[in-house]
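Here's the structure we're looking at; comments come further down.
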Amino acid sequence: TQLLEQSPQFLSIQEGENLTVYCNSSSVFSSLQWYRQEPGEGPVLLVTVVTGGEVKKLKRLTFQFGDARKDSSLHITAAQPGDTGLYLCAGRTTGANNLFFGTGTRLTVIP
Amino acid sequence: EAQVTQNPRYLITVTGKKLTVTCSQNMNHEYMSWYRQDPGLGLRQIYYSMNVEVTDKGDVPEGYKVSRKEKRNFPLILESPSPNQTSLYFCASSSWPLGNEKLFFGSGTQLSVL
Numbered sequence: 006t007q008l009l010e011q012s013p014q015f016l017s018i019q020e021g022e023n024l025t026v027y028c029n030s031s032s033v034f035s036s037l038q039w040y041r042q043e044p045g046e047g048p049v050l051l052v053t054v055v056t057g058g059e060v061k062k063l064k065r066l067t068f069q070f071g072d073a074r075k076d077s078s079l080h081i082t083a084a085q086p087g088d089t090g091l092y093l094c095a096g097r098t099t100g101a102n103n104l105f106f107g108t109g110t111r112l113t114v115i116p
Numbered sequence: 009e010a011q012v013t014q015n016p017r018y019l020i021t022v023t024g025k026k027l028t029v030t031c032s033q034n035m036n037h038e039y040m041s042w043y044r045q046d047p048g049l050g051l052r053q054i055y056y057s058m059n060v061e062v063t064d065k066g067d068v069p070e071g072y073k074v075s076r077k078e079k080r081n082f083p084l085i086l087e088s089p090s091p092n093q094t095s096l097y098f099c100a101s102s103s104w105p106l107g108n109e110k111l112f113f114g115s116g117t118q119l120s121v122l
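Line by line, the protein sequences are chains A and B.
Going letter by letter, the first sequence gives residues 6 to 116 in the working numbering.
Going letter by letter, the second sequence gives residues 9 to 122 in the working numbering.
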């Protein structure tokens, strides 16, 4: 069961460019999280959004939760090589006892 | 330091030889979970536990067993490993409410079954 679809699956951009990663579902989530994973390590939490329409900023990263709480986006401004990694969204549906992960977006920022 | 510890980091075994991957957390978390990560498939949940002696199947439980006898430990057992279980495995833990609190991950166990 794949509740969360991420796009694009792969993204390779030049340093300084902007990009957006999408996380979509037909299910409604009570909360949605974004994680970043670097090679050889486990995913690390970047942000949690819980309210429809919520926007959170983390330096050059902007996260938005869809109004209907079915989708989310991650926008990176002026990407840097240090942003390179695998970005994963994860959501919990109301009443569920587990967290569903998206398929992931592998980002490469070329210096 | 708050952490989830998995062992071993790398494991090569042969088909049918029972193995256990250990997982321990020092944050007194109720929730613990095992995931496997394969290229193009993201993180898929194997089993999870909401508390001691409470475990439940995730999306891909076949061929795996778990136990939760103590709050801090959540071992993953492969009774008879097969090559299709070659994967990168992660243990994770969290406090409640799940999905609002941070999910802490271990550093992973790369398993190869020959």
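Virtual Cβ for every residue (Gly too), placed ideally from N, Cα, C.
Since the structure is predicted, the reported quantities are computational estimates derived from the model, not experimental observations.
Mind checking which residues open and close the beta strand (DSSP E) that includes residue i?
i: HIS80/A; result: 76-81
i: VAL49/A; result: 49-54
i: ASN132/B; result: With chain B covering 9 to 122 only, the question about residue 132/B has no answer from this structure.
i: GLN93/B; result: From DSSP, GLN93/B is part of no beta strand (DSSP E); its letter is neither H nor E.
i: SER32/B; result: 27-33
i: SER36/A; result: 34-42
i: TYR43/B; result: 39-46
i: THR113/A; result: 110-115
Contact criterion: CB-CB distance below 8 Å. Does residue i meet it with respect to chain B?
i: ARG97/A; result: yes
i: PRO44/A; result: no
i: SER31/A; result: no
i: VAL60/A; result: no
i: LYS17/A; result: Inspection of the sequence shows that residue 17/A is occupied by Ser rather than by Lys. No, its Cβ sits nowhere closer than 8 Å to a Cβ of chain B.
i: PHE68/A; result: no
i: VAL55/A; result: yes
Taking 8 Å as the CB-CB cut-off, is residue i touching chain A?
i: GLN53/B; result: yes
i: PHE113/B; result: yes
i: LYS110/B; result: yes
i: ASP46/B; result: no
i: SER103/B; result: no
i: TYR56/B; result: yes
i: SER95/B; result: no
If the criterion is Cβ atoms closer than 8 Å, does the pair residue i and residue j meet it?
i: LEU106/B; j: ARG41/A; result: no
i: GLU46/A; j: SER115/B; result: yes
i: SER120/B; j: ILE20/B; result: yes
i: ASP64/B; j: TYR72/B; result: no
i: ALA73/A; j: VAL33/A; result: yes
i: SER31/A; j: THR53/A; result: no
i: LEU84/B; j: TRP42/B; result: yes
i: MET40/B; j: ARG76/B; result: yes
i: ILE115/A; j: SER12/A; result: no
i: LEU51/A; j: TRP39/A; result: yes
i: GLY48/B; j: LEU93/A; result: no
i: ASP67/B; j: ARG80/B; result: no
i: GLN45/B; j: PHE82/B; result: no
Within the present structure, is the beta-carbon of residue i separated from the nearest heavy atom of the ligand ZN by less than 7 Å?
i: LYS65/B; result: For the structure depicted, the ligand ZN is absent and the ligand set is empty, with no information on it obtainable.
Mind reading off the beta-carbon distance from residue i to residue j? Whole number of angstroms is fine, and I expect it under 8 Å.
i: LEU9/A; j: PHE106/A; result: 7 Å
- Query: Touching or not, the segment 108-116 of chain A and the segment 80-98 of chain B, by the rule of three or more beta carbon pairs under 8 Å?
  - Reply: no
- Task: Would you check if there are 3 or more beta carbon pairs closer than 8 Å linking the segment 74-83 of chain A to the segment 54-66 of chain A?
- Result: yes
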